Amino acid sequence: PKRSISAIRPLFLCQPYCNNSIVKGNFKTIVQLPKYVDPNEWLAVNAFDFYNYVNIFYGSISDFCTPRECPNMSAGSGCEYFWMDGQKKTSKVPASQYIDFVMNWIQTLINDENTFPTKDG
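Each residue of the sequence shown is one higher than the one before, counting from 15 in this note's numbering.
Here it is, written out as structure tokens:
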């Protein structure tokens with residue numbers, strides 16, 4: 015019987031790639047583009063996974079980053095981030111809202127067929 019394209023696992027998730035990357039513990043090996051894997055597919059899968067891991071991580075600490083506790087998005091003193099909307103208007107928002115905006119923006123990119131096509135052709 016024919017298998018659909020979506021049922022076929024990507025090569026980099028099959029033996030020996032996944033075991034070799036994990037067992038060796040070498041970060042270069044883990045992130046290296048496997049042979050015979052399309053670079054765009056490799057980037058798309060890893061971008062999607064990274065987004066999901068960040069989302070899970072933030073979910074575990076979000077209760078501690080309230081607007082009261084984190085009134086702005088910063089990277090220490092002297093480095094503050096402002097959100098820029100679609101009209102290029104900047105605004106100061108609490109860190110939790112900034113992160114929510116960023117995660118929604120990334121989710122929109124991930125779901126965009128022009129950015130990450132899911133169909134051949």
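Each residue gets a CB set at the ideal place from its N, CA and C atoms; glycine is no exception. As the structure is a computational prediction, the values presented were derived from the model and not from experiment.
Measuring alpha carbon to alpha carbon, tell me which residue in Leu123, Asn86 and Ile124 is nearest lysine 106. Asn86
In chain order, what residues of the same chain have a beta carbon less than 8 Å from the beta carbon of isoleucine 124, not counting five sequence neighbours either side? Ala61, Phe62, Tyr65 and Phe130
Among residues of its own chain, excluding the 5 on either side of aspartate 99, which ones have a beta-carbon nearer than 8 Å to its beta-carbon? Ser105
So, proline 81 versus proline 108, is the Cβ gap smaller than 7 Å? yes
Which residue wins for smallest C-alpha separation from glutamine 29, given the options Glu55, Pro48 and Asn40? Pro48
Smallest Cα separation from aspartate 134: which of Ser110, Ile113, Asn118 and Glu55? Glu55
Let's test the definition: count the other Cβ atoms within 10 Å of the Cβ of proline 15 and tell me whether it reaches 16, buried, or not, exposed. At proline 15, the pLDDT of 46 sits below 50, so the modelled position is not reliable and the matter cannot be decided from this model.
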